[in-house]
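**Q** Numbering (this note's numbering), first residue to last: 33 to 640. No residue lacks a Cβ here, since even glycine has one placed at the ideal position from N, Cα and C. Let me give you the structure first, and then I'll get to my questions.
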Ligand code: AGP
């Protein structure tokens, strides 16, 4: 996600902000920019690419400035470019923003009708013009308050006004923003690392809070302007820990970011009031969705597991035949793919060589291609007729976690849109599934709150030499994913299997040394799964069961138990994978593995 840094005080603000942008690079970004007061005006410098491109601009000229804001952009709306880079300005108002504005299209229409001219494809620019509109008769902080009352979505904003030198206003909702306190100088940032070398005395803003920073000090208020007394926190993290927001590893941070990542992926994609899907941004209209005769879903690794789940969801909800394939197999088997077929390529990085090759081949054969991707402007997003962005933010850990659950969420949204377009489900069913989806972030929070229980199980099992993961139906791909997470993080051999397959061979492996992980939520195949557990138990196997709270039947059969909240069976995979991610993580840490950069692995396999 984007990074924000602002400074006002006695130092060289340009240096402080450029240094802060460098320290935010780990968050992942595609462009950067800075705005600074100088000689009574606000000047802006922006560059696509890395912060060093920005630094070059100041090699020969270093204006004197004591107030500046800066930004590293992770594109969500509008491709990476200098024109879409932040800061954005509207006359004397200049802002930087991290988040997603749900209603930016309707706000943009109104502003254009009022004569505002837009120069970017971003949702952010809407906020800039709104603040300008209210700044004609108001101080900056009041203009920001009035503007944000019109905005729906997630935002962390830093704003300055050319007429109010030395002042920075910040406001947050669902995107982080914190204030660093110094001696007559103040910092504003998305994350502590941005100003960590200058201040360790931090105020963390909560949703709906605003900060006004001037030479006189820092004032925190509600969006309505009511002053709030905030306690500062003394940060004792190491610089490395600061980059992970206090988590020991990026993988753990990203596992814990899943509630926000899913909330962002859902944001603005349907109307909870009417049940209507809003996928126009995909670039594929309702009519196109209705004309699809067959869907191919192609991916690699964890993304392929998401593809398998997509098959179950789309075939059950939309009754369209779906064929799933591993990209490196699909591209060499001379597939039968036609003009009215849709090929969905799932790729977190958007740069996986085999998946990209499939997209090109499918287009050459006349099929339409949709990319389900996490990186705006990536090769996959450019090699597609439609793009469904998972908005999980930059995934730094090599093991895919938050991107995976965002992929499944996106595929369920696509299945509902297809089901509605073909009238296979009605609005009532769609709204029920949308309500279930909106409840997922909180259910994942409940699972994350029991992280220590997973760690306890990991302490019992981390010396095992082999694991088997078993799931049925929609949960079989989660058995595969749980096994892959364990393999790639802990280097322990593990296999995922359909529960019904045990009798066809793998049951010969059962002994008291072999942990068998069962996915046993209530659902259509629950009873069959209980039978499988009994088969393993009766042969002396070590049973690890993931079940819903209060399930005493399975608990009595299990040596180790992990729990997930009840849910609609369509949503069970998103919940079940979280304890498995944590189990692999904790076992990896216990075995002294490099869980963020496992041996032999790359975050993006850009070669065949
Ligand atoms: C997942 O934890 C692995 N890092 C790997 O299997 C990954 O999912 C695969 O390489 C596909 O990557 P992509 O989603 O970026 O295409």
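#1: What does DSSP give as the partner residue(s) for residue 259 in the beta ladder?
#2: Take residue 149 as the anchor and find which of 166, 513, 135, 123 has the nearest alpha-carbon.
#3: Since residue 524 and residue 490 are thought to touch, with beta carbons under 8 Å apart, how far apart are those beta carbons, to the nearest angstrom?
#4: What did DSSP end up calling residue 150 once you bin it into helix, strand or coil?
#5: Less than 7 Å separating the Cβ of residue 387 from some heavy atom of the ligand AGP?
#6: Straight-line CA distance for residue 237 to residue 211?
#7: If you draw a straight line from the C-alpha of residue 456 to the C-alpha of residue 350, how long is it?
#8: Taking residue 358 as the reference, which of 577, 305, 387 has the closest Cα?
#9: Taking 8 Å as the cut-off, decide whether the C-beta atoms of residue 271 and residue 228 are in contact.
#10: On the premise that residue 37 lies in contact with residue 338, defined as a C-beta separation below 8 Å, what is that separation, rounded to the nearest angstrom?
#11: Can you tell me the Cα-Cα spacing of residue 571 and residue 276, whole angstroms?
#12: How many angstroms separate the CA atom of residue 631 from the CA atom of residue 335?
#13: Please state whether the Cβ-Cβ distance between residue 297 and residue 442 is less than 8 Å.
#14: Residue 520: beta carbon under 7 Å from a heavy atom of the ligand AGP?
#15: Going residue by residue through the segment 286-337, where are the continuous alpha helix (DSSP H) segments of at least 4 residues, counting only ones entirely within it?
#16: Taking the straight line between their C-alpha atoms, what separation do you get for residue 143 and residue 155?
#17: Can you list, in chain order, the stretches of the alpha helix (DSSP H) that have 4 or more residues and sit fully within the segment 574-603?
#18: Taking 8 Å as the threshold (C-beta atoms), are residue 235 and residue 266 in contact?
#19: Quick one: grab the DSSP three-state call for residue 108.
#20: Report, in whole angstroms, the separation of the C-beta atoms of residue 202 and residue 209, which I expect to be a contact under 8 Å.
#21: Given a cut-off of 8 Å, decide if residue 108 and residue 290 are closer than it, judged by their beta-carbon atoms.
#22: Fully enclosed by the segment 369-449, which alpha helix (DSSP H) runs are 4 residues long or longer?
#23: The alpha helix (DSSP H) with residue 136 in it runs from where to where?
#24: Beta-carbon within less than 7 Å of residue 511's beta-carbon, same chain only, minus the 5 sequence neighbours each way: which residues are those?
#25: Within its chain, find whatever has a CB closer than 8 Å to the CB of residue 589; leave out the 5 residues flanking it on each side and keep chain order.
#26: Considering Cα atoms alone, identify which of 65, 170, 195 is closest to residue 72.
#27: By the three-class DSSP mapping on this structure, what secondary structure does residue 355 have?
#28: Rank 131, 58, 446 by C-alpha distance to the C-alpha of residue 429 and give the top, closest one.
#29: In terms of residues, what are the limits of the beta strand (DSSP E) holding residue 568?
#30: Using C-beta distances below 6 Å, list every residue in its chain close to residue 48, excluding the 5 sequence neighbours before and after it, in chain order.
#31: Given 8 Å as the limit, is there contact between the segment 89-98 and the segment 182-196, that is, 3 or more CB pairs closer than that?
#32: Could you spell out where the alpha helix (DSSP H) holding residue 474 opens and where it closes?
#33: How about residue 335: is its Cβ closer than 7 Å to a heavy atom in the ligand AGP?
#34: Heavy atom of the ligand AGP less than 7 Å from the Cβ of residue 375, yes or no?
#35: Mapping DSSP to helix, strand and coil, what is residue 196?
#36: Look at the alpha carbon of residue 180 and the alpha carbon of residue 159, and state the distance between them as a whole number of angstroms.
**A** So, from the listed chains and residues:
#1: The count along the chain shown starts at 1 and reaches residue 259 at position 227. Its beta-bridge partners are 253.
#2: Sequence index remark: in the chain shown, residue 149 carries index 117 (1-based). Among 166, 513, 135, 123, the Cα nearest to that of residue 149 belongs to 123.
#3: Against the chain shown, residue 524 aligns to sequence position 492. Against the chain shown, residue 490 aligns to sequence position 458. Residue 524 to residue 490, Cβ: 11 Å. No contact.
#4: Start at 1 with the first residue of the chain shown, and residue 150 comes out as number 118. Here residue 150 sits in coil by DSSP.
#5: Your numbering for residue 387 matches position 355 in the chain shown. Residue 387: yes, Cβ under 7 Å from the ligand AGP.
#6: Here the question's residue 237 lines up with position 205 in the chain shown. Here the question's residue 211 lines up with position 179 in the chain shown. Going from the Cα of residue 237 to the Cα of residue 211 covers about 8 Å.
#7: Residue 456 sits at position 424 when you count from the first residue of the chain shown. Residue 350 sits at position 318 when you count from the first residue of the chain shown. Cα to Cα, the separation comes out at about 6 Å.
#8: Your numbering for residue 358 matches position 326 in the chain shown. Checked all of 577, 305, 387; the closest Cα to residue 358 is 387.
#9: For the purposes of this step, residue 271 is taken as residue 239 along the chain shown, with counting starting at 1. For the purposes of this step, residue 228 is taken as residue 196 along the chain shown, with counting starting at 1. Contact flag set, yes.
#10: Within the chain shown, the letter at position 306 stands for residue 338. Within the chain shown, the letter at position 5 stands for residue 37. Contact doesn't hold; Cβ gap of about 34 Å is too wide.
#11: Within the chain shown, residue 571 is the residue found at index 539, counting from 1. Within the chain shown, residue 276 is the residue found at index 244, counting from 1. Roughly 44 Å between the two C-alpha positions.
#12: Residue numbering aside, residue 631 sits at position 599 when the chain shown is read from its first letter. Residue numbering aside, residue 335 sits at position 303 when the chain shown is read from its first letter. The straight-line gap from Cα to Cα measures roughly 20 Å.
#13: Start at 1 with the first residue of the chain shown, and residue 297 comes out as number 265. Start at 1 with the first residue of the chain shown, and residue 442 comes out as number 410. The answer is yes: Cβ separation under 8 Å.
#14: Working through the chain shown from its first residue, we reach residue 520 at position 488. The answer is yes for residue 520.
#15: 290-298, 318-323
#16: Translated into the one-based positions of the chain shown, residue 143 becomes position 111. Translated into the one-based positions of the chain shown, residue 155 becomes position 123. Distance from the CA atom of residue 143 to the CA atom of residue 155, rounded to whole angstroms, is 12 Å.
#17: 584-589
#18: As a position in the chain shown, residue 266 is number 234, starting the count at 1. As a position in the chain shown, residue 235 is number 203, starting the count at 1. No, Cβ-Cβ distance for residue 266 and residue 235 is not below 8 Å.
#19: For this step, residue 108 is matched to residue 76 along the chain shown. Residue state, collapsed to three classes: coil.
#20: Here residue 202 refers to the residue found at position 170 of the chain shown. Here residue 209 refers to the residue found at position 177 of the chain shown. Yes, residue 202 and residue 209 are in contact; Cβ-Cβ is about 5 Å, under 8 Å.
#21: Position 258 of the chain shown, counted from the first residue, corresponds to residue 290. Position 76 of the chain shown, counted from the first residue, corresponds to residue 108. No.
#22: 385-396, 411-414
#23: Here the question's residue 136 lines up with position 104 in the chain shown. Residues 136-145.
#24: For the purposes of this step, residue 511 is taken as residue 479 along the chain shown, with counting starting at 1. Correct list, in chain order: 501, 502, 503, 528, 529, 551.
#25: Locating residue 589 in the chain shown gives position 557, where the first residue counts as 1. Counting only Cβ-Cβ distances below 8 Å, and skipping sequence neighbours, we find 562, 565, 566, 569, 575, 577.
#26: Taking the chain shown and counting its residues from 1, the one referred to as residue 72 is at position 40. Of the listed residues, the one whose Cα sits closest to residue 72 is 195.
#27: As a first step, residue 355 is located in the chain shown; it is residue number 323 there, counting from the start. Strand at residue 355.
#28: If you number the chain shown from 1, residue 429 lands on position 397. If we check each option's Cα against that of residue 429, 58 comes out closest.
#29: Numbered from its first residue, the chain shown carries residue 568 at position 536. Looking at the DSSP string, residue 568 is not in any beta strand (DSSP E); the run it does join, the alpha helix (DSSP H), is 558-570.
#30: As a first step, residue 48 must be located in the chain shown, where it is residue number 16. Closer than 6 Å at Cβ, skipping near neighbours: 39.
#31: no
#32: Here residue 474 is taken as the residue at index 442 of the chain shown, counted from 1. Boundaries of the alpha helix (DSSP H) around residue 474: 459-480.
#33: Stepping through the chain shown from its first residue, residue 335 is reached at position 303. True, at least one ligand heavy atom lies under 7 Å from that Cβ.
#34: Taking the first residue of the chain shown as 1, we reach residue 375 at position 343. Not so, every heavy atom of the ligand AGP lies at least 7 Å from the Cβ.
#35: Taking the chain shown and counting its residues from 1, one reaches residue 196 at position 164. The answer is coil: DSSP assigns residue 196 none of H, G, I, E or B.
#36: Taking the first residue of the chain shown as position 1, residue 180 is located at position 148. Taking the first residue of the chain shown as position 1, residue 159 is located at position 127. When rounded, the distance between both Cα atoms is 8 Å.
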